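UniProt numbering numbers the first residue of the sequence shown as 31 and each following residue consecutively.
Here a beta-carbon is modelled for each residue, glycine too, at the ideal position from N, C-alpha and C.
In this text, all values refer to a predicted model and were calculated from it rather than measured experimentally.
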Amino acid sequence: AAEEGFDLEDVEGAIEAAGHGPLPVLAVVGRPNVGKSTLVNRIIGRREAVVEDRPGVTRDRVTYEAEWSGRRFKVVDTGGWEQDVLGIDASVAAQAEYAIEAADAVVFVVDAKVGATDTDEAVVRLLRKAGKPVVLCANKVDGPSGEADAAYLWSLGLGEPHPVSALHGRGTGDMLDAVLEVLPDAPEQTFGTAIGGPRRIALIGRPNVGKSSLLNKVAGEERVVVNELAGTTRDPVDELVELGGVTWKFVDTAGIRKRVHLQQGADYYASLRTAAAVEKAEVAVVLIDASENISVQDQRIVTMAVEAGRALVLAYNKWDTLDEERRYYLEREIETELGQVSWAPRVNVSARTGRHMEKLVPAIETALAGWETRVPTGRLNAFLGELVAAHPHPIRGGKQPRILFGTQAGTKPPRFVLFASGFIEAGYRRFIERRLREEFGFEGTPIHISVRVRE
Ligand code: GDP
Ligand code: GDP
């Protein structure tokens with residue numbers, strides 16, 4: 031590294047930064063208007079259009095990446111739902127429950143100016159039941175005079191209230207320090223208790239694509255309700271299913287079977303639920319109704335899984351209903367609408383007839399294998415050397431940026447750091463990704479490539 035002009039510390043730092051696996055998840059919950067979205071904006075340190083969204087417009091983005099004190103994590107914002115759908119208490123409870131389920135730690139936001147309400151107390155009961163670490167945020171403490179209001183929130187029994195002004199940034203640093211103290215390094219959902227346990231599958235897709243039918247078909251009589259095993263009284267959330275002689279865990283299946291019919295807000299709940307399932311899973315099986323046009327909603331769900339860095343399988347359902355013409359147009363649609371995930375294994379199934387059910391497990395196994403692939407540094411650099419020699423980066427401003435060396439910093443999904451002598455253009459990065467896939471497979475997994483440029 032040294033003779034290439036990078037110092038060792040730089041290289042090690044870059045590898046460490048890129049090498050993390052799935053990030054731990056922080057959920058921000060609380061009543062409407064307490065300042066959740068404002069706080070999330072503070073935490074992610076961007077003026078993303080979270081608060082600016084017009085009321086009544088459903089957002090489908092609920093998770094964001096954030097960094098504090100050099101640690102990275104994900105934030106789930108639950109601010110985007112409609113208050114009038116279920117009645118206020120039920121709405122708050124539902125969104126909090128989904129978010130808490132997927133979280134490794136929770137920031138519970140209370141409006142210190144208003145004090146603790148009955149709805150807040152209801153959320154506290156949910157938090158107790160869930161047993162996840164909680165940091166209490168007493169928001170809207172814009173100046174020293176508000177600190178007394180914050181102190182009243184000791185009464186919630188959640189420990190120290192952290193006085194914060196999400197709007198002005200006051201106290202948010204101290205609160206985030208407290209968050210980092212309780213947030214695990216890796217998502218416990220996926221990598222804590224689950225180590226050595228069954229692999230986790232999120233079966234996701236828009237309403238009516240056939241998720242519950244598929245789950246029933248594959249689970250059959252073998253179905254085991256996980257929470258019954260644990261002897262709890264909660265709604266079953268995860269289900270163990272034996273497929274191909276192996277036990278798999280389908281996460282968050284309560285959301286699949288117990289459909290809440292809502293006129294408004296349904297999309298938002300569905301997004302939150304999908305995001306939660308994806309965070310808990312290692313592999314996402316996105317179910318698509320092949321009998322209908324591939325929709326923006328299908329694309330969003332695929333994007334959610336890819337952005338979360340999960341392994342991906344695409345299952346085209348209702349194959350029994352397709353005539354020749356539809357099959358023709360479906361192939362064209364897949365190319366244009368889902369071309370960016372052409373690396374994902376694909377199965378054409380029918381939950382009704384059972385067609386190709388046996389192909390689901392091999393596809394999932396392929397995707398997980400791709401997700402965990404590690405390319406030895408020697409092989410990677412031999413490959414990069416040949417690639418760069420055969421296809422150099424275009425000359426820019428009289429100079430030719432070169433990839434000098436690279437390493438795979440992590441897996442789940444595979445993450446690469448490339449060290450370069452100058453700025454590497456997006457087109458060339460995409461070219462490298464394509465060639466990496468051709469060379470090493472990575473079927474069914476997103477791959478991350480970051481480039482470090484020599485100073
Ligand atoms: P959410 O519904 O919980 O996501 O709440 P929002 O983030 O949308 O905030 C609701 C309102 O409270 C907005 O008008 C914010 O500007 C305001 N707000 C949020 N945080 C603070 C704060 O720290 N101080 C004050 N004074 N107002 C705030
Ligand atoms: P979910 O909302 O994604 O859980 O979808 P459901 O499993 O409730 O299915 C929605 C509708 O599609 C139901 O009427 C199912 O009977 C039907 N359906 C599901 N899978 C298939 C299939 O493979 N072929 C056909 N013809 N219908 C299906």
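Status (buried if at least 16 other CB within 10 Å, exposed otherwise) for residue i
i	result
Gln-125	buried
Lys-159	exposed
Phe-453	exposed
Gly-65	buried
Leu-38	exposed
Arg-289	Caution applies to Arg-289, whose pLDDT of 44 falls short of 50 and renders its modelled position unreliable; the value that the coordinates give is listed next. So Arg-289 ends up on the exposed side.
Thr-283	buried
Gln-219	Bear in mind that a pLDDT of 49 at Gln-219, under 50, signals an unreliable position, so the number given afterwards is only what the model happens to contain. Buried is the call here.
Lys-429	exposed
Asp-148	exposed
Arg-236	buried
Asp-141	buried
Tyr-128	buried
Asp-134	buried
Asn-169	buried
Distance between residue j and residue i (C-alpha atoms, nearest Å)
i	j	result
Thr-68	Ala-96	14 angstroms
Pro-476	Val-326	20 angstroms
Gly-51	Gly-60	29 angstroms
Asp-114	Leu-417	With a pLDDT of 48 at Asp-114, under the threshold of 50, the predicted position of this residue should be treated as unreliable, though the coordinate-derived value follows. Taking the straight line from one Cα to the other gives about 57 angstroms.
Lys-348	Pro-375	18 angstroms
Val-315	Leu-398	11 angstroms
Gly-400	Arg-340	11 angstroms
Asp-204	Glu-190	12 angstroms
residue 3	Arg-303	This structure cannot speak to residue 3, because the chain is shown only from 31 to 485.
Asn-411	Ala-393	29 angstroms
residue 502	Gly-161	Given that the chain is displayed from residue 31 to residue 485, the structure contains no residue 502 and the question cannot be resolved.
Arg-101	Arg-464	30 angstroms
Glu-46	Val-153	37 angstroms
Asn-323	Glu-363	8 angstroms
Asp-268	Val-55	18 angstroms
Gly-35	Phe-449	10 angstroms
Ala-249	Thr-403	29 angstroms
Val-343	Gly-176	51 angstroms
Arg-357	Asn-378	11 angstroms
Leu-206	Glu-473	37 angstroms
Gly-145	Ala-180	8 angstroms
His-198	Leu-360	51 angstroms
Ala-420	Gly-427	21 angstroms
Trp-98	Thr-202	11 angstroms
Coil, strand or helix - residue i by DSSP
i	result
Asp-40	helix
Val-271	strand
Phe-470	helix
Leu-233	strand
Ala-217	Per the sequence presented here, residue 217 reads as Pro, with Ala not at that position. Pro-217 falls in the coil class under three-state DSSP.
Gly-173	coil
Gln-294	Legend: pLDDT at Gln-294 = 48, less than 50; position of this residue unreliable, value from coordinates given subsequently. In the structure shown, Gln-294 sits in coil (DSSP, three-state: anything other than H, G, I, E or B).
Val-481	strand
residue 500	With the chain covering only 31 through 485, there is no way to say anything about residue 500.
Thr-108	coil
Arg-352	First, the residue type needs correcting, since residue 352 is Leu and not Arg in the sequence shown. In the structure shown, Leu-352 sits in coil (DSSP, three-state: anything other than H, G, I, E or B).
Pro-444	coil
Leu-188	coil
Gly-408	helix
Heavy atom of ligand 1 within 7 angstroms of residue i beta-carbon
i	result
Lys-66	yes
Asn-63	yes
Leu-183	no
Ser-195	yes
Asp-172	yes
Gly-145	no
Asn-411	no
Asn-169	yes
Gly-60	yes
Closer than 7 angstroms: residue i CB and nearest ligand 2 heavy atom
i	result
Lys-429	no
Arg-382	yes
Gly-240	yes
Lys-348	yes
Pro-422	no
Pro-406	no
Thr-351	yes
Ser-325	no
Ala-243	For the record, residue 243 in the displayed sequence is Ser; it is not Ala. Correct: Ser-243 has its Cβ closer than 7 angstroms to ligand 2.
residue 492	Lying outside 31 to 485, the shown extent of the chain, residue 492 is not represented and no answer is given.
Pro-237	yes
Stretch pair the stretch 437-449 + the stretch 382-389: three plus CB contacts closer than 8 angstroms: With the cut-off at 8 angstroms, the stretch 437-449 and the stretch 382-389 do not touch.
The stretch 421-434 / the stretch 466-476 touching (three or more Cβ pairs under 8 angstroms): Segments in contact, no.
Inter-stretch contact at 8 angstroms, needing at least 3 Cβ pairs: the stretch 352-371 / the stretch 303-312: Verdict: no, contact absent.
Three-pair Cβ contact test at 8 angstroms for the stretch 229-246 versus the stretch 342-358: The stretch 229-246, when compared against the stretch 342-358, does touch it at the 8 angstroms Cβ threshold.
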